[in-house]
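**Q** full-length UniProt numbering applies: residue 1 is where the sequence shown begins, and numbers increase by one.
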Amino acid sequence: MSAESNSIRSRKTRVLDVVRSGRLTPNMHRVTLGGMELADFPGGQESAHVKLLLPERGATQASFRQRLLSDPKQITTRTYTVRHHRPHAQEIDIDFVIHEGGGAACDWALGSRPGDFAGIAGPGPIKAPDPVSDWFLFCADMTALPAAAASMETLPPTAVGHAILEITCDDDIQPIDAPPGMMCHWLIHENPSEFSDQQLEYVKALDWLDGTPGVFVAGESTTVSSLKTHLTEIRNLDRKGMYISAYWKIGLVEDQHQIEKRAKAA
Numbered sequence: 001m002s003a004e005s006n007s008i009r010s011r012k013t014r015v016l017d018v019v020r021s022g023r024l025t026p027n028m029h030r031v032t033l034g035g036m037e038l039a040d041f042p043g044g045q046e047s048a049h050v051k052l053l054l055p056e057r058g059a060t061q062a063s064f065r066q067r068l069l070s071d072p073k074q075i076t077t078r079t080y081t082v083r084h085h086r087p088h089a090q091e092i093d094i095d096f097v098i099h100e101g102g103g104a105a106c107d108w109a110l111g112s113r114p115g116d117f118a119g120i121a122g123p124g125p126i127k128a129p130d131p132v133s134d135w136f137l138f139c140a141d142m143t144a145l146p147a148a149a150a151s152m153e154t155l156p157p158t159a160v161g162h163a164i165l166e167i168t169c170d171d172d173i174q175p176i177d178a179p180p181g182m183m184c185h186w187l188i189h190e191n192p193s194e195f196s197d198q199q200l201e202y203v204k205a206l207d208w209l210d211g212t213p214g215v216f217v218a219g220e221s222t223t224v225s226s227l228k229t230h231l232t233e234i235r236n237l238d239r240k241g242m243y244i245s246a247y248w249k250i251g252l253v254e255d256q257h258q259i260e261k262r263a264k265a266a
């Protein structure tokens, strides 16, 4: 059995309806999923990931539920962040980066309409830096922006720090309800399929605040690796106080990237 199907089986699965689907910014699309099966979805899970389970074309909810039970490894699965959760409305928001060449999840999101459905498995762990920190440093590209934004919105009101957020164009800037002491620095990278070191260079040039930061770094693999090296080897930060994760890698689809990550971790 694959690691992906094991993950589906080990977490509660829910089949949800598409409530709303629309463009958030030029390169970000939001799908709101809802339904009675979210009644027991745990609260406070903004920034946690779920496995998005995509139905085959022409599938009915009945046939999709049967496939979940009998053959989950055949279901197309992608990992996404819970951006918002509204327990009273039994809704969650999931944001999708629109990228060149599309992909199974991106294509599904763009084509989704109210009344369509999809499954989720999870939630998994919350994506957050050490909350007991003197200040905070966030580095994220657009794939990690939903998790970074959700995590920033849970910081204490007195939190201070910097968020270096890489987006595709100026119009991709979106409001984040972060503490006033969190300064957002928006960097433009028009072609995400090409490597950029601007996040690293921005971090190097930062006026470092006093004390030890809680760190969130996520996004493209090479960028994440270079930031991790700088923070642990040059800034001598303890890896235990950070959330660091490579969400994707240039040239690889998610399945290939996950196989590579598991091989490195073995």
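In this text, a Cβ means the ideal position worked out from N, Cα and C, and glycines have one as well. As the structure is a prediction and not an experimental result, all values here were calculated from the model.
From the DSSP output, in three-state form, read off Glu46 for me.
**A** DSSP places Glu46 in coil when its eight states are reduced to three.
**Q** Could you please give the first and the last residue of the uninterrupted alpha helix (DSSP H) stretch that includes Thr229?
**A** Where Thr229 is concerned, the enclosing alpha helix (DSSP H) stretches over Ser221 to Thr229.
**Q** In angstroms, rounded to a whole number, what distance separates the CA positions of Gln258 and Thr79?
**A** Below a pLDDT of 50, predicted positions are generally treated as unreliable, and Gln258, at 48, falls in that range; the measurement from the model is reported next regardless. Roughly 10 Å between the two C-alpha positions.
**Q** Tell me whether the stretch 104-121 and the stretch 203-223 touch, counting them as touching only if at least three CB pairs, one residue from each stretch, are closer than 8 Å.
**A** No, the stretch 104-121 does not touch the stretch 203-223.
**Q** Where does Lys12 sit, in a helix, a strand or coil, going by DSSP?
**A** Coil.
**Q** Within its chain, find whatever has a CB closer than 7 Å to the CB of Trp186; leave out the 5 residues flanking it on each side and keep chain order.
**A** Only Leu165, Ile167 and Ile173 meet the Cβ criterion.
**Q** Near Arg14, what residues of its chain come up, given a Cβ to Cβ distance below 7 Å and the 5 sequence neighbours on each side ignored?
**A** Once the five neighbours on either side are set aside, the close Cβ partners of Arg14 are Glu37, Leu38, Gly119 and Ile120.
**Q** Exposed or buried, which one is Phe195 when buried takes at least 16 other CB atoms within 10 Å?
**A** The residue is exposed, with fewer than 16 neighbouring Cβ atoms inside 10 Å.
**Q** Counting only runs of 3+ residues fully inside the stretch 132-167, write out the beta strand (DSSP E) ranges in chain order.
**A** 135-140 and 160-167, all fully within the stretch 132-167.
**Q** With 16 other CB atoms within 10 Å as the buried threshold, where does Met183 fall?
**A** The residue is exposed, with fewer than 16 neighbouring Cβ atoms inside 10 Å.
**Q** Just curious, the alpha helix (DSSP H) that Cys169 is in, first and last residue?
**A** Taken as a continuous stretch (DSSP letters only), Cys169 belongs to no alpha helix (DSSP H), as it is neither H nor E.
**Q** Going by DSSP in three states, Glu91 sits in which element: helix, strand or coil?
**A** Correct three-state label for Glu91: strand.
**Q** Distance check for Leu33 and Asp40, CA to CA, integer angstroms please.
**A** Roughly 15 Å separates the two Cα atoms.
**Q** Please report how far the alpha carbon of residue 270 lies from the alpha carbon of Ile176, in whole angstroms.
**A** It is not possible to answer for residue 270, since the shown part of the chain is limited to 1 through 266.
**Q** Figure out for me which residue from Val160, Arg239, Asp170 and Glu91 has the closest Cα to the Cα of Trp208.
**A** That would be Val160, whose Cα lies nearest to the Cα of Trp208.
**Q** Distance check for His49 and Ala126, CA to CA, integer angstroms please.
**A** For the sequence presented, residue 126 should be read as Ile rather than Ala. Spanning the two alpha carbons is a distance of roughly 7 Å.
**Q** Less than 8 Å between the CB atoms is what I'm expecting for Asn27 and Val97, so what's the real figure, rounded?
**A** Contact holds; Cβ gap of about 6 Å.
**Q** Roughly how many whole angstroms lie between the Cα atoms of Phe138 and Lys249?
**A** In a straight line, the C-alpha of Phe138 is about 19 Å away from that of Lys249.
**Q** Name the two residues that bound the continuous alpha helix (DSSP H) containing Leu200.
**A** Its alpha helix (DSSP H) spans residues Gln198 to Ala205.
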